[in-house]
Amino acid sequence: MYYFIENADSIASSFADCLGGLLSVAAQGIELTVEACEGCKIGRLHTPKPSTTVEEGKKYRIAFGDLQEGESRDIPFEITLNSCSSSSSNTPIIKLSASYFHMKKETMVDC
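Just so you know, we're using my numbering here: the sequence shown kicks off at 935 and counts up by one.
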C-alpha cells in the first residue's frame, strides 16, 4: 500500500486508512477442500488461486489467502457425473470443507 504524505496533517488519516484495512480482515489463511463423491470426477478448477492436487480428479485444496468482512469468493469448477444408480433424489456429488483463522475469535475454524 502506498500513500502520498503531502504534509504532517495528512499523516494521521493515512495511518487510520491502513489500520482500517487491517481491522476489517475477517479470516486469514483460508483453505478450501473440494472432494468429488462416489461416481463423480472433478475436471478443471477455474481459479487463479494456488491449488494442490490431493488425488487427481477426486480431491483438491485451494488456498484463498485472507477474506475481508462482507467479501465473498467464487470458484467455478467442472464436474463429471455418472448416471445415478439410486432412485433417491438426494445423491451427493461434491463435498466442500474449509479451514481458516477467525480473526475476532483468534482461533482456527474447520467447517
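Think of the CB as a built atom: it goes at the ideal place given N, C-alpha and C, for glycine as much as any other residue.
- Apart from sequence neighbours up to five positions away, the residues of its chain that approach Glu965 with a beta-carbon distance below 8 Å are Arg995, Ile996, Ala997, Phe998, Ala1032, Ser1033, Tyr1034, ordered along the chain.
- Closest by C-alpha distance to Ile1009, out of Ser985, Lys975, Met1037, Ser948, is Ser985.
- For His1036, the enclosing beta strand (DSSP E) covers residues 1028-1036.
- Rounded to whole angstroms, the gap between the alpha carbons of Glu969 and Arg978 is 13 Å.
- For Asp1008, the three-state secondary structure derived from DSSP is coil.
- Looking at the DSSP output, Lys975 shares a beta bridge with Thr1014.
- Beta-carbon to beta-carbon, Ile1013 and Lys992 are separated by about 11 Å, too far to satisfy the 8 Å threshold.
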